[in-house]
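Asks: Residue numbers for the sequence shown, in full-length UniProt numbering: 1 to 327.
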Amino acid sequence: MNRRISGILTPNITPVDDRGRVDEDQLRGYVDWLIDHGVDGLYPNGSTGEFVRFTAEERRRIVRIVVDQAAGRVPVLAGAAEANVDETIEACNAYGDMGVRAVAIVAPFYYPISSEGVHAYYARIARDVRVDVTLYNIPMFASPIEVDVVIRLAEEYPRIIGLKDSSGDLPNLMRMMAAIRPMRDDFSFLTGWDASLAPMLIAGADGGTNATSGVLPELTRAIHRACGEGDHKLAMELQYLLLPLFDAMIGLGEFPEGFRAGARARGWDLGRSRLPLSDIQQALIAEAERDINAMVHSTQAKMSATSEMPLEAIQVIARRVMEQLQK
Numbered sequence: 001m002n003r004r005i006s007g008i009l010t011p012n013i014t015p016v017d018d019r020g021r022v023d024e025d026q027l028r029g030y031v032d033w034l035i036d037h038g039v040d041g042l043y044p045n046g047s048t049g050e051f052v053r054f055t056a057e058e059r060r061r062i063v064r065i066v067v068d069q070a071a072g073r074v075p076v077l078a079g080a081a082e083a084n085v086d087e088t089i090e091a092c093n094a095y096g097d098m099g100v101r102a103v104a105i106v107a108p109f110y111y112p113i114s115s116e117g118v119h120a121y122y123a124r125i126a127r128d129v130r131v132d133v134t135l136y137n138i139p140m141f142a143s144p145i146e147v148d149v150v151i152r153l154a155e156e157y158p159r160i161i162g163l164k165d166s167s168g169d170l171p172n173l174m175r176m177m178a179a180i181r182p183m184r185d186d187f188s189f190l191t192g193w194d195a196s197l198a199p200m201l202i203a204g205a206d207g208g209t210n211a212t213s214g215v216l217p218e219l220t221r222a223i224h225r226a227c228g229e230g231d232h233k234l235a236m237e238l239q240y241l242l243l244p245l246f247d248a249m250i251g252l253g254e255f256p257e258g259f260r261a262g263a264r265a266r267g268w269d270l271g272r273s274r275l276p277l278s279d280i281q282q283a284l285i286a287e288a289e290r291d292i293n294a295m296v297h298s299t300q301a302k303m304s305a306t307s308e309m310p311l312e313a314i315q316v317i318a319r320r321v322m323e324q325l326q327k
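1. According to DSSP, simplified to helix, strand and coil, what is V131?
2. Curious, which full-length alpha helix (DSSP H) runs of at least 4 residues does the segment 262-315 contain?
3. Based on the DSSP output, what are the partners of I8 in its beta bridges?
4. Please identify the residue among G208, P244, S188 whose C-alpha is closest to the C-alpha of D291.
5. Identify, in the order they occur along the chain, each residue of the same chain with its Cβ nearer than 7 Å to the Cβ of T10, setting aside the five sequence neighbours on each side.
6. What does the alpha-carbon distance come out to for the pair M1 and R101?
7. Given I160, which residues of its chain have a CB within under 6 Å of its CB, disregarding the five upstream and five downstream residues?
8. Are there three or more Cβ pairs, one per stretch, closer than 8 Å when the segment 179-194 is compared with the segment 257-264?
9. Give me, in chain order, the residues of the same chain whose beta-carbon lies closer than 6 Å to that of R221; leave out the 5 immediate sequence neighbours on both sides.
10. Which residues in the same chain as Q326 place their Cβ atom closer than 6 Å to its Cβ, once the five residues preceding and following it in sequence are excluded?
11. Unbroken beta strand (DSSP E) runs of length 3 or more, entirely within the segment 115-170: which are they?
12. With DSSP collapsed to three states, give me the class of G258.
13. Could you check what DSSP says for I105 in three-state terms: helix, strand or coil?
14. What residue does the alpha helix (DSSP H) around F246 start on, and which one ends it?
15. With a Cβ-Cβ cutoff of 9 Å, do D186 and R4 count as a contact?
16. According to DSSP, is E323 helix, strand or coil?
17. Considering Cα atoms alone, identify which of G253, G204, I285, A91 is closest to A81.
18. Of all the options R130, Q239, R260, which has the alpha carbon lying nearest to the alpha carbon of D194?
19. Given N293, which residues of its chain have a CB within under 6 Å of its CB, disregarding the five upstream and five downstream residues?
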């Protein structure tokens, strides 16, 4: 049976309070807001959630809160990468026991390793975990997962049920889909690179784990739905709305401060990241935040003006407007 993970799963920002601690109340409220605005799933402990800046104990707490607050309304795909394979397996099993749909595991980072080493790493995990696994290819930060390695792992381990790819490499994704789909109809392909969301979906990806969905979930959802309905013209029109906003947020530097700024434009002050910032950096962020705020509201207005937007997306925007008017 085809049980692919699909749709837009938000790699949610981790809210912190003014002392840098995980802000549980804000996280619960943000989870509700994302679900109310149409996301198809949640992805705690991803790159946007700054998983490397939290302790293992905090990472477990973050997943526990998200799973509890989601309460089965949407699936949770939890980032489970730790510093070594044994701790990663332990985290995977802990998250599986909490009720996540699957875990996402980045390839080993810091030390570059060979493709054979990447295969051995995931093979060990797939043999020892009690939860489904998605591979997470993000070559800008970790050892790349080559096409032949993904194909081998999909053939050998039913527990590995998908790939989250943040390389933006469309031809490579197509090569994987062409090889894996005939033998594994349950294998999910998700893109984590917002700049190519619509092209990846049009090519056959099942969905995305996109940081922009934590700011404008209406837009990423509308792109996914347009592709699903075969309206590729609308999907690309919406993609061109997403592109400059994504570029501005990711281009701010000190990732993911740009996406935190975008969330503030939607009324969510989720705090600052744990990365220490100089006065110069803070001034640059404050200046860029004004531009990002303007772009978020401009993009919302352009979406509202798109007469061909799917009714589902229009209803989401209308509900948000009514919520604001009632405050």
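Beta carbons are placed, not taken as given, at the ideal position from N, Cα and C, and that holds for glycine.
Replies: Walking through what the data contain:
1. coil
2. 279-304
3. G208
4. P244
5. L34, V39, L42, Y43, S213, G214, P217
6. Since pLDDT at M1 reaches only 42, below the 50 mark, its modelled position is unreliable, and no value is offered.
7. A126, V133, L153
8. no
9. I8, G38
10. For Q326, the predicted structure reports a pLDDT of 44, less than 50, and the residue's modelled location is therefore unreliable. The matter cannot be settled from this model.
11. Qualifying beta strand (DSSP E) stretches, in chain order: 133-137, 160-165.
12. helix
13. Correct three-state label for I105: strand.
14. 232-250
15. D186 places its beta carbon less than 9 Å from that of R4.
16. Here the model assigns E323 a pLDDT of 48, short of 50, so the residue's position is not dependable and the matter cannot be decided.
17. A91
18. Q239
19. A265
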